[in-house]
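Under my numbering, think of the first position of the sequence shown as 8, with each following residue one higher. The structure appears right after this line, and notes come after that.
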Amino acid sequence: MASTIRLTMAQAVAHFLKSQMTIVDGRKVPIFGGVFAIFGHGNVAGMGEALYQVREELPTWRAHNEQGMAHAAVAYAKASFRQRFMACTTSIGPGALNMVTAAGVAHVNRLPVLFLPGDVFANRIPDPVLQQIEDFGDGTVTVNDAFRCVSRYFDRITRPEQIIPALKRAMQVLTDPVDCGPVTLSLCQDVQAEAYDYPESLFAERVWTERRPRPDTGEFAAAIDAIRHAEKPLIIAGGGVLYSRATVELKAFAGLHGVPVAVTQAGKSAIPDDHPLCMGSIGVTGTSAANAFAEEADLILAVGTRLQDFTTGSWALFKNDKARIIGLNTTAFDAAKHDALPLVCDAREGLTLLSEALGGWKVSAAVEASAARRKAEWTAAANKATAATNAALPSDAQVIGAVQRAIGGENSILVCAAGGLPGELHKLWQAGHPGSYHMEYGFSCMGYEIAGGLGVKMARPDADVVVMVGDGSYMMANSELSTAVMLGKKLTVVVLDNRGYGCINRLQMATGGANFNNLLKDARIEAMPDIDFRAHAESMGAVAVKVASIADLETALEQSKGTDRTSVIVIDTDPLITTEAGGHWWDVAVPEVSPREAVNKAREAYVKALAAQRIG
Ligand SMILES: Cc1ncc(C[n+]2csc(CCOP(=O)(O)OP(=O)(O)O)c2C)c(N)n1
Ligand SMILES: [Mg+2]
């Protein structure tokens with residue numbers, strides 16, 4: 008009989024997690040970077056005791072907010088190019104539900120995180136326990152069912168032996184390039200403490216290696232044929248290029264065949280922005296260069312992208328009637344979007360094989376010439392937007408310019424997620440090495456930025472992690488600033504205070520709306536908030552300073568380099584200015600009837616714009 012070991016279910020989880028390994032840069036390392044935990048009655052006795060036992064091999068990190076810690080875990084996975092990830096454990100009820108939004112972030116962005124929320128008693132004897140909701144018609148419903156739609160795999164563990172297949176399934180999903188995403192194992196609190204004779208083999212070291220699927224022969228032949236017949240091809244590089252670590256191959260492909268490359272938010276840094284064939288960002292927040300190629304392209308080689316609306320200009324960007332998409336993606340779901348010729352394979356494998364098969368095929372000299380011209384035109388426009396200024400209230404672009412000049416070097420990683428900044432950064436930030444631009448733009452979840460910065464720093468301790476965040480996002484979630492200070496994970500945080508939800512205010516104006524409920528001045532107020540972000544950040548242990556000009560910002564950024572402490576620099580900005588150059592229409596539905604003339608006008612323009620959309 009196989010030998011067994013008597014453990015509680017929670018102990019089995021902890022021992023199993025610490026035995027999972029992977030290879031990164033030729034070195035064997037634990038695949039779990041650790042476990043973020045906030046304890047409560049749903050996990051302190053079970054998971055808490057179990058994690059204590061393995062604390063040397065599998066570190067437990069204490070956070071301040073479950074959503075924040077889960078964002079940090081998401082960022083850790085993204086900054087690790089999905090090669091390593093974390094687990095997050097919480098109590099039942101509110102602690103668990105606090106992670107649901109972050110699970111959504113992981114789900115949209117296809118990032119691996121293991122969620123281990125506590126759940127109600129499987130035996131139901133003490134019901135209803137503190138923090139247990141009661142469904143009048145279904146005894147099996149708990150709040151953790153909310154994780155189902157934001158998990159690639161969901162399981163509720165109601166018997167200790169169920170954890171055996173569940174853990175194995177979890178690892179398969181977390182490490183699978185296609186299924187990759189959040190896994191939720193909802194751990195009933197009584198079962199966490201229950202013992203079982205687990206087979207010792209469950210805890211044997213397991214080294215996970217990457218799977219790199221190669222293309223189907225027929226799909227490959229069709230893709231080659233389409234590329235060979237293309238006169239104006241364009242590559243769209245998405246996050247999949249980075250997760251596949253196909254950046255060398257992308258550069259080689261573009262260079263050899265002369266095909267211009269445009270990048271999505273997740274794909275930015277897959278090719279350096281200063282590469283002659285990198286046309287920069289595409290779509291709604293695109294450069295004029297990338298969007299000009301997209302408009303005329305007869306072939307779009309979409310590599311590792313979900314083709315979300317910001318990328319496709321809500322499907323109005325591609326204006327050539329003959330435009331054909333090749334969907335080079337590990338995930339058939341993405342590869343087949345919009346009647347694409349699917350090329351289901353790993354990005355690195357696919358690009359290498361395509362390039363080999365294309366041999367000496369190259370675009371015409373005219374394409375390369377227009378790439379050089381368009382890039383130069385865009386660079387001039389971008390430089391103008393980011394140039395230093397002594398305006399009383401600088402624009403986001405001018406702040407971006409200062410940050411880039413001061414700390415945008417080879418070792419830095421820029422982190423951002425929501426507000427007006429993502430659009431400006433997509434256009435204007437000059438990304439260098441792969442992974443140096445960390446934008447969460449699948450969910451664009453306010454409150455991700457600071458916690459995300461922490462996760463990035465944990466994944467890449469040697470990098471200079473720079474977080475750019477708006478006042479709105481800062482107010483939504485900032486508690487992991489204290490965690491970063493506590494863990495000695497140095498972040499440089501630049502807070503752009505435009506006193507409200509600037510980008511939504513602008514969107515409101517663009518859709519004919521009245522200025523209403525976005526900027527603080529347009530909200531229902533008894534006393535105008537005057538938030539002292541500097542003092543707030545200082546109270547959390549950061550070195551904090553408020554600067555009054557772009558010049559002072561550059562000085563403060565320089566000074567922040569000299570300290571090991573997390574630094575927060577606050578600057579007031581103009582809520583109304585964005586970079587006009589580049590960009591594309593975005594489908595945001597405008598009311599069909601309204602007593603407001605401005606809305607009716609916006610509706611007219613909206614209906615006209617809809618005509619450019621490719622349906623299906
Ligand atoms: C959790 C969450 N709630 C709401 C939104 C919608 N939203 C996107 S940006 C934004 C305003 C962000 O304000 P701020 O961080 O100050 O940036 P700004 O727009 O001023 O540049 C809002 C409300 C969101 N993306 N995420
Ligand atoms: Mg703001």
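We put the CB at the ideal spot given by N, CA and C, even for glycine.
Cβ pair residue i, residue j closer than 9 Å
i: Gln-169; j: Ala-52; result: no
i: Leu-335; j: Leu-314; result: no
i: Asn-116; j: Glu-447; result: yes
i: Gly-70; j: Met-76; result: Note that residue 70 is Ala in the sequence shown, not Gly. Yes, these two residues count as a Cβ contact at 9 Å.
i: Asp-471; j: Ile-407; result: no
i: Gly-459; j: Val-502; result: no
i: Ala-237; j: Leu-306; result: yes
i: His-22; j: Ala-57; result: yes
i: Ala-244; j: Leu-257; result: yes
i: Ala-323; j: Trp-592; result: yes
i: Thr-294; j: Trp-385; result: yes
i: Pro-585; j: Ser-321; result: With the sequence shown as reference, residue 585 is identified as Thr, and Pro is not the correct amino acid for it. No.
i: Gly-462; j: Val-214; result: no
i: Gly-625; j: Leu-284; result: Because the chain here runs from 8 to 623, residue 625 falls outside it and cannot be looked at.
i: Asp-223; j: Cys-352; result: yes
i: Ala-19; j: Ala-200; result: no
i: Gly-507; j: Leu-527; result: yes
i: Glu-303; j: Lys-239; result: yes
i: Val-150; j: Gly-100; result: yes
i: Leu-24; j: Phe-227; result: no
i: Ile-333; j: Ile-234; result: yes
Span separating the alpha-carbon of residue i from that of residue j
i: Pro-141; j: Asn-298; result: In the sequence under discussion, the amino acid at residue 141 is Glu, which differs from the Pro named in the question. Distance between the alpha carbons of Glu-141 and Asn-298: 52 Å.
i: Ala-330; j: Leu-263; result: 22 Å
i: Arg-166; j: Phe-128; result: 11 Å
i: Ala-173; j: Ala-153; result: 19 Å
i: Cys-452; j: Ala-425; result: 6 Å
i: Ile-578; j: Lys-497; result: 20 Å
i: Ser-10; j: Gly-102; result: 37 Å
i: Met-106; j: Asn-50; result: 15 Å
i: Ile-132; j: Leu-194; result: 16 Å
i: Asn-626; j: Arg-380; result: A query on residue 626 cannot be resolved here, the shown segment of the chain reaching from 8 to 623 and no further.
i: Gly-509; j: Leu-583; result: 7 Å
i: Gly-454; j: Gly-225; result: 45 Å
i: Gly-246; j: Ala-202; result: 42 Å
i: Asn-522; j: Glu-533; result: 18 Å
i: Leu-241; j: Ala-301; result: 7 Å
i: Ala-616; j: Arg-62; result: 57 Å
i: Asn-512; j: Asn-525; result: 5 Å
i: Ala-491; j: Gln-179; result: 31 Å
i: Arg-218; j: Pro-184; result: 7 Å
i: His-345; j: Gly-520; result: 32 Å
i: Ala-135; j: Phe-46; result: Just to set this straight, residue 135 is Pro in the shown sequence, not Ala. If you take the alpha carbons of Pro-135 and Phe-46, they lie about 20 Å apart.
i: Gly-442; j: Leu-560; result: 25 Å
i: Ala-392; j: Glu-431; result: 10 Å
i: Ala-544; j: Phe-210; result: 43 Å
Nearest-angstrom Cβ-Cβ length linking residue i and residue j, presumed shorter than 8 Å
i: Phe-92; j: Gly-40; result: 7 Å
i: Gln-27; j: Ile-38; result: 5 Å
i: Ser-556; j: Ser-567; result: Actually they do not touch by this definition, with Cβ atoms about 16 Å apart.
i: Leu-400; j: Asp-581; result: 4 Å
i: Ser-348; j: Ala-230; result: The question names Ser, but residue 348 is Leu in the sequence shown. So it is a contact: roughly 6 Å between Cβ atoms.
i: Phe-317; j: Gly-290; result: 5 Å
i: Leu-137; j: His-48; result: 6 Å
i: Val-476; j: Ile-457; result: 6 Å
i: Ala-277; j: Met-286; result: Actually they are not in contact, since the Cβ atoms of Ala-277 and Met-286 sit about 13 Å apart, beyond 8 Å.
i: Thr-108; j: Gln-74; result: 6 Å
i: Ile-576; j: Val-554; result: 6 Å
i: Gln-272; j: His-433; result: 6 Å
Residue environment, residue i, which counts as buried when at least 16 other CB atoms sit within 10 Å
i: Ala-372; result: exposed
i: Glu-604; result: exposed
i: Arg-163; result: buried
i: Met-465; result: buried
i: Gly-111; result: buried
i: Pro-267; result: buried
i: Ala-558; result: exposed
i: Glu-417; result: exposed
i: Lys-369; result: exposed
i: Ala-398; result: exposed
i: Asn-390; result: exposed
- Query: On the three-pair Cβ rule with 8 Å, is the region 151 to 164 touching the region 178 to 190?
  - Reply: The region 151 to 164 makes contact with the region 178 to 190: 3 or more CB pairs, one atom from each, lie closer than 8 Å.
- Query: Between the region 588 to 606 and the region 511 to 522, are three or more C-beta pairs nearer than 8 Å?
  - Reply: The region 588 to 606, when compared against the region 511 to 522, does touch it at the 8 Å Cβ threshold.
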